[in-house]
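Counting in the numbering used here, the sequence shown runs from 2 upward without gaps.
Glycine is no exception: its CB is placed at the ideal position from the N, C-alpha and C atoms.
Have a look at the structure below before the remarks.
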Amino acid sequence: MSTREEEVRKLVEKMGTPESHSAICKCPMCMKGEKIPLAERNKHMEGLKSTMVDRRNPDNPTRPLMKATEAHAIIHAGTAVNMREQTGIPYTPPPKKPDEITPRELTVQATWKNRHQEKAVSGRDASVFGALGVLLIPKDIGVVDIPKMDASAVPERFLKKYGAQLVSLDTPVELEDVEDDSLRDLFLVQYDFDPDYIEDYVMKTMGGGGLFVETHPFPHVFTPLSKDCAGALILGVDNHNGTISFAAFKIPFGYTMKVNSNVIHGDSFFTGPYAIALTETELADSVLFRQETGRRDIQRVRQTPIEEMLHLAILAEYRLAKAVNHAILINIMNHSKASEESRNFLRGVPSDVLDAVSERTSWVESIEVLDDDMPEKIEHHAFFKAPKSRLAITDTPTPRTPTPGGSTGGDE
């Protein structure tokens with residue numbers, strides 16, 4: 002470090018406590034940048050500052066919940082990038098690849114309105130790209146529950162459908178080029194996500210204003226910097242029929258997720274330190290999940306591991322089959338001309354089943370009892386509450402012919 006840089010650092014250390022800084026602090030004290038040569042830092046100072054955030058609970062801003070802590074490098078679209086070298090992650094043996102799974106995705110009716118069509122209310126630091134639009138979800142969908150899965154366990158072609166690629170840190174990441182020269186320089190910045198970030202910032206009106214997803218005309222990279230990193234990256238595909246499909250992918254340590262330009266994505270569910278490459282641009286299109294109500298209430302969104310979703314589906318199927326069986330028995334018992342064969346069948350039915358059947362007088366009542374018995378997580382699950390024409394969770398076969406270049410984002 003040069004004498005001049007040392008003098009600047011000592012001066013910065015005397016500038017006061019963090020409490021004396023603004024909510025979005027951009028002073029040198031709040032971001033390390035020694036990995037980037039001084040001449041490069043000076044050349045790109047405004048761009049680097051634009052990536053700096055310090056997001057806190059708007060009601061109790063005592064600690065950062067999502068904060069930029071270090072600028073690792075300036076990388077460039079249209080080149081191959083060694084992410085291990087750029088992040089400084091030491092070599093570790095790659096984790097054992099899990100068995101391949103059948104991926105799942107959520108398809109939901111949604112209306113994308115960019116910030117020029119409808120501006121959302123949120124805190125002033127909710128996005129590095131400025132003002133936000135809205136993604137309107139039908140009001141009868143209680144929770145948008147996005148399937149979460151290990152990115153290394155899904156077929157590569159499924160990731161490609163979502164415009165993404167999982168790349169080992171030992172393999173250079175090929176970044177696609179951009180049409181706009183101003184977007185060629187990407188700032189690889191470390192962001193630390195707190196486990197309370199979603200509830201204490203994102204879901205507060207004057208914080209994040211709700212969960213966001215966005216598109217922009219430059220590629221992204223997301224790299225977990227610790228084995229303790231958790232959460233999953235949300236990716237989306239606009240089906241151009243009034244619906245959007247979503248899936249969430251956990252990025253294993255030792256890998257980078259590359260996301261192509263103009264892909265719908267959102268990283269709010271991350272926890273721990275991640276290196277993310279981005280740049281500031283007015284060409285980004287960021288929207289907040291909101292309910293399609295007059296008040297534009299914040300839409301609840303969560304990620305559920307597909308293993309848990311499968312368990313819930315099996316449990317729901319069992320309960321439904323049980324209700325159907327009871328309804329069949331009711332019809333037999335109520336039939337005035339039941340045959341002797343039917344009567345003999347009923348004599349062999351266990352008494353506890355007959356007791357349950359006797360409490361139901363119709364199929365409708367059977368379903369009502371079924372709903373009352375459901376665990377809260379099933380009863381309030383968006384899949385069970387919403388009409389299937391508006392929302393559906395599906396097992397997704399690997400696409401035969403991937404769309405070149407990945408998916409596209411919201412309508413401009």
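{"Query": "Excluding sequence positions up to five away, which residues of its chain have a Cβ less than 6 Å from the Cβ of residue 363?", "Result": "Confidence in residue 363 is poor, its pLDDT being 36 and thus under 50, which makes the residue's placement unreliable; the coordinate value appears in the next sentence. Cβ within range, chain order: n/a, list empty."}
{"Query": "Kindly indicate which three-state DSSP category residue 157 falls into: helix, strand or coil?", "Result": "helix"}
{"Query": "Looking at the secondary structure, which residues open and close the alpha helix (DSSP H) in which residue 46 lies?", "Result": "46 to 51"}
{"Query": "So for residue 84, helix, strand or coil by DSSP?", "Result": "helix"}
{"Query": "By the DSSP assignment, the beta strand (DSSP E) with residue 191 in it spans what residues?", "Result": "186 to 194"}
{"Query": "My output table needs one value for residue 297: the three-state DSSP class, helix, strand or coil.", "Result": "coil"}
{"Query": "On the criterion of 16 or more Cβ atoms from any shown chain inside 10 Å, does residue 172 qualify as buried, or is it exposed?", "Result": "exposed"}
{"Query": "In or out: residue 251 buried (at least 16 other Cβ within 10 Å) or exposed?", "Result": "buried"}
{"Query": "Following the continuous beta strand (DSSP E) through residue 257, name the residue where it begins and the one where it ends.", "Result": "256 to 260"}
{"Query": "Please say whether residue 165 and residue 54 have beta carbons closer to each other than 8 Å?", "Result": "no"}
{"Query": "In angstroms with no decimal places, state the Cα-to-Cα distance between residue 85 and residue 75.", "Result": "14 Å"}
{"Query": "From residue 122 to residue 291, what distance separates their C-alpha atoms?", "Result": "10 Å"}
{"Query": "Quick check on residue 140: buried or exposed, where buried means 16 or more other Cβ atoms within 10 Å of its Cβ?", "Result": "exposed"}
{"Query": "By the 10 Å Cβ neighbour count, where 16 or more other Cβ atoms means buried, how is residue 106 classified, buried or exposed?", "Result": "buried"}
{"Query": "Tell me whether residue 92 is buried or exposed, calling it buried when 16 or more other Cβ atoms sit within 10 Å of its Cβ.", "Result": "exposed"}
{"Query": "Quick one: grab the DSSP three-state call for residue 432.", "Result": "The structure shown does not extend to residue 432, since the chain is modelled only from 2 to 413, so the question has no answer here."}
{"Query": "Could you check if residue 414 is buried or exposed, using at least 16 other CB atoms within 10 Å of its CB as the buried criterion?", "Result": "Because residue 414 is not part of the residues shown, which for the chain are 2 to 413, the question remains open."}
{"Query": "Compute the Euclidean distance between the alpha carbons of residue 88 and residue 287, then round it to the nearest angstrom.", "Result": "27 Å"}
{"Query": "Looking at the structure shown, is residue 281 part of a helix, part of a strand, or coil, going by DSSP?", "Result": "coil"}
{"Query": "Shortest alpha-carbon distance to residue 297 belongs to which of 211, 279 and 117?", "Result": "211"}
{"Query": "Alpha carbon to alpha carbon, how far is residue 95 from residue 154? Give it in angstroms, no decimals.", "Result": "14 Å"}
{"Query": "Please report the distance separating the alpha-carbon of residue 79 from that of residue 163.", "Result": "20 Å"}
{"Query": "Between the beta-carbon of residue 147 and the beta-carbon of residue 111, is there less than 8 Å?", "Result": "no"}
{"Query": "So, residue 181 versus residue 218, is the Cβ gap smaller than 8 Å?", "Result": "yes"}
{"Query": "Using a C-beta cutoff of 8 Å, does residue 238 count as contacting chain D?", "Result": "The structure shown contains no chain D, having only a single protein chain."}
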